[in-house]
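Student: Per the numbering used here, the sequence shown runs over residues 6 to 172.
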Amino acid sequence: MKILGIDPGYATLGYGVVEKKGNKFKACGYGSVITEAGLPMSERLERLYDSLRNIIAEERPDVASVEQLFFNSNAKTAILVGQARGVAILACVKSGIEVEEYTPLQIKQALVGYGRAEKNQVQMMVKTILGLKEVPKPDDTADALAAAICHGHSAETRRRLKELNIR
Numbered sequence: 006m007k008i009l010g011i012d013p014g015y016a017t018l019g020y021g022v023v024e025k026k027g028n029k030f031k032a033c034g035y036g037s038v039i040t041e042a043g044l045p046m047s048e049r050l051e052r053l054y055d056s057l058r059n060i061i062a063e064e065r066p067d068v069a070s071v072e073q074l075f076f077n078s079n080a081k082t083a084i085l086v087g088q089a090r091g092v093a094i095l096a097c098v099k100s101g102i103e104v105e106e107y108t109p110l111q112i113k114q115a116l117v118g119y120g121r122a123e124k125n126q127v128q129m130m131v132k133t134i135l136g137l138k139e140v141p142k143p144d145d146t147a148d149a150l151a152a153a154i155c156h157g158h159s160a161e162t163r164r165r166l167k168e169l170n171i172r
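1) State whether the stretch 52-60 contacts the stretch 154-162, with contact taken as three or more CB pairs (one from each stretch) at a distance under 8 Å.
2) What are the complete alpha helix (DSSP H) segments, minimum 4 residues, inside the stretch 62-148?
3) When you compare the stretch 141-149 with the stretch 35-42, are there three or more beta-carbon pairs, one atom per stretch, that lie closer than 8 Å?
4) Would the stretch 40-48 and the stretch 64-74 be scored as touching if the rule is three or more Cβ pairs under 8 Å?
5) From 88, 10 and 139, pick the residue whose C-alpha is nearest to that of residue 67; which is it?
6) Could you compute how far the alpha carbon of residue 154 sits from the alpha carbon of residue 99?
7) Taking residue 35 as part of the beta strand (DSSP E), name the residues at either end of that continuous run.
8) Using the rule of at least 16 other Cβ atoms within 10 Å of the residue's Cβ for burial, across every protein chain shown, is residue 21 buried or exposed?
9) Tell me the DSSP secondary structure of residue 166 in three-state form.
10) Taking the beta carbon of residue 14 as the centre, do at least 16 other beta carbons fall within 10 Å, making it buried, or is it exposed?
11) Can you tell me which of 170, 166 and 151 puts its alpha carbon nearest to the alpha carbon of residue 30?
12) Assess, as a yes-or-no matter, whether the stretch 108-117 is touched by the stretch 82-97 under the definition of 3 or more beta carbon pairs within less than 8 Å.
13) Once the 5 residues before and after residue 50 are set aside, which same chain residues still bring their CB inside 8 Å of it?
14) Check the Cβ-Cβ distances between residue 151 and every residue of chain B, and say whether any is below 7 Å.
15) Relative to the C-alpha of residue 47, which residue among 103, 86 and 61 is closest?
16) In three-state DSSP terms, what is residue 157?
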């Protein structure tokens with residue numbers, strides 16, 4: 006199974022593609038899409054959409070794992086990130102791939118075994134699980150890879166729950 010992980014953001018959107026075979030994970034590609042602060046929001050969203058569509062076309066993932074929005078005390082920022090998240094989900098759907106969503110707590114639980122783990126603990130687990138020489142930068146990229154690994158750990162359980170009509 007090939008999984009595209011997405012850490013949505015309008016300034017920096019992290020992405021990471023991992024392949025899971027049995028219990029092993031391998032990084033296929035990862036990085037971030039950066040949009041310039043001076044651009045109108047519509048152009049920033051268009052760049053995110055187009056970039057994700059290109060990444061999906063190149064990597065051909067089976068499924069996308071998108072981090073759910075963590076509510077920020079700044080409502081304006083939360084709305085802007087929500088728009089970027091919507092564009093990311095739309096790019097996946099328009100590319101014909103299924104989208105699964107995970108909270109930051111679920112992602113931390115899947116990687117570290119503790120939902121309140123520190124960011125550096127999650128990053129070290131990403132590095133270890135994928136056998137990377139260093140933690141991927143920026144943080145958004147490591148977070149996207151973590152979302153992909155989370156789905157790799159959770160996919161079978163989610164499939165069974167769907168079959169039983171339980172969500």
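Ideal placement from N, C-alpha and C gives every residue a C-beta, glycine not left out.
Tutor: Taking the coordinates as given:
1) no
2) 80-99, 109-117 and 124-135
3) yes
4) They do not touch, by the three-pair rule.
5) 10
6) 23 Å
7) 29-39
8) buried
9) helix
10) buried
11) 151
12) Cβ pair count under 8 Å is below three, so no.
13) 15, 88, 89 and 92
14) Of the protein chains in this structure there is only one, and it is not chain B.
15) Per the Cα distances, 86.
16) helix
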